[in-house]
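Note sheet for the following structure.
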Amino acid sequence: SNRTFTMIKPDAVANGHIGAILDKITKSGFKIIALKQTSLSAEKAGEFYAVHKERGFYNDLVAFMSSGPIVAAILEKDNAIDDFRKLIGATDPTKAEPGTIRNLFAKSIDANAIHGSDSDENAEIEGNFFFSAFERI
Ligand code: GTP
Ligand code: MG
3 SNRTFTMIKP
13 DAVANGHIGA
23 ILDKITKSGF
33 KIIALKQTSL
43 SAEKAGEFYA
53 VHKERGFYND
63 LVAFMSSGPI
73 VAAILEKDNA
83 IDDFRKLIGA
93 TDPTKAEPGT
103 IRNLFAKSID
113 ANAIHGSDSD
123 ENAEIEGNFF
133 FSAFERI
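Position one of the sequence shown corresponds to residue 3 (full-length UniProt numbering), numbered consecutively onward.
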């Protein structure tokens with residue numbers, strides 16, 4: 003597929019980086035298919051990151067992701083998954099390449115500014131989690 007799913011995380015929203023991050027995304031060639039600001043309850047955040055349920059950082063991750071508003075989006079570009087993961091940089095911002103979104107806007111591995119889907123299958127699942135069929139044409 004040529005689509006991916008992203009979330010601007012609560013730290014980046016709280017720090018006023020929504021505009022700068024969306025600008026970087028669109029200037030990198032991604033088209034915005036769907037976009038909204040919303041919040042995740044702890045229950046919904048837990049569901050979204052259920053694959054990490056057994057990991058030591060799961061409770062912190064769920065608490066953080068439900069701590070404030072997020073911005074969810076479906077994006078389109080050739081090679082969307084890989085190109086977007088490259089644009090956001092490594093999970094740990096101290097290891098993210100200069101110029102990547104996490105290098106520019108993330109403060110820690112917990113508060114790392116942005117999410118990007120890791121596969122076509124998960125992009126589809128995650129986009130459907132936030133957007134109804136008529137919102138993602
Ligand atoms: P997402 O785009 O948010 O899915 O990040 P990712 O794909 O780069 O990382 P992954 O899916 O493996 O982990 C999900 C989130 O859990 C990360 O964004 C981190 O905030 C957090 N996380 C992952 N690994 C660690 C870790 O070793 N320690 C801590 N404290 N948090 C972690
Ligand atoms: Mg991930």
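Even for Gly, the Cβ is constructed at its ideal location relative to N, Cα and C.
Treat the numbers as computed from the prediction; the structure is a model and nothing was measured.
Would you check whether ligand 2 has a heavy atom nearer than 7 Å to the C-beta of residue i?
i, result
"D122", "no"
Does any heavy atom of ligand 1 sit closer than 7 Å to the C-beta of residue i?
i, result
"L63", "yes"
"F132", "no"
"F59", "yes"
"D13", "no"
"G48", "no"
"I20", "no"
"I103", "no"
"D112", "yes"
"G129", "no"
Quick one: measure Cβ to Cβ for residue i and residue j, integer angstroms, because I've assumed they're closer than 8 Å.
i, j, result
"V64", "I10", "So it is not a contact: roughly 18 Å between Cβ atoms."
"E128", "S119", "6 Å"
"R57", "I35", "Not really, about 30 Å apart at Cβ, beyond 8 Å."
Nearest to residue i by alpha carbon, out of the options?
i, options, result
"D122", "I23, G70 and A82", "A82"
"S41", "F131, F136, I90 and R138", "F131"
"P12", "I20, E99 and T6", "I20"
"K109", "A125, E99 and D94", "D94"
Looking at residue i: is its Cβ nearer than 8 Å to the Cβ of residue j?
i, j, result
"A47", "M67", "yes"
"I111", "I90", "no"
"F32", "L77", "yes"
"T8", "I116", "yes"
"A75", "L106", "no"
"S3", "A113", "no"
Skipping 5 residues on each side, what residues in its chain have a beta carbon closer than 7 Å to that of residue i?
i, result
"V15", "G70, P71, I72 and V73"
"D62", "D112"
Can you name, in chain order, every residue of its own chain whose Cβ lies under 6 Å from the Cβ of residue i, other than the five neighbours on each side?
i, result
"residue 149", "The requested residue 149 does not occur in the structure, where the chain is confined to residues 3 to 139."
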